[in-house]
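In UniProt numbering, the protein residues as written are 1 to 95.
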């Protein structure tokens, strides 16, 4: 079952991981081994959590990579579902 309008994983990352530790974007990016621009894009919902980023986050915050990918998947699927009625797809059935 899909969550109603799930938050972008970047929002979760900011609120539950960076803010409690008092980390700046620059410090967190350095610790994750990514550029500040890359992390900022994720935090601001301009980029998603890639499998590699999920692994980096899992190592840094002692979480599972799968949990980050699940959050990204739920976010993307919910937004895609909002356009379901606009899709022109024919139902396929066996002859």
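Ideal Cβ positions, reconstructed from N, Cα and C, are used throughout, including at glycine.
Query: Stretch-stretch touch, CB-based, cutoff 8 Å, three pairs: the stretch 11-20 with the stretch 38-54; Result: yes
Query: Beta carbon of residue 34 nearer than 9 Å to that of residue 53; Result: yes
Query: Alpha-carbon to alpha-carbon, residue 85 and residue 96; Result: Shown here, the chain extends from 1 to 95; a query on residue 96 therefore has no answer.
Query: Own chain partners of residue 51 with C-beta closer than 8 Å, once the 5 adjacent residues on each side are dropped; Result: 65 and 69
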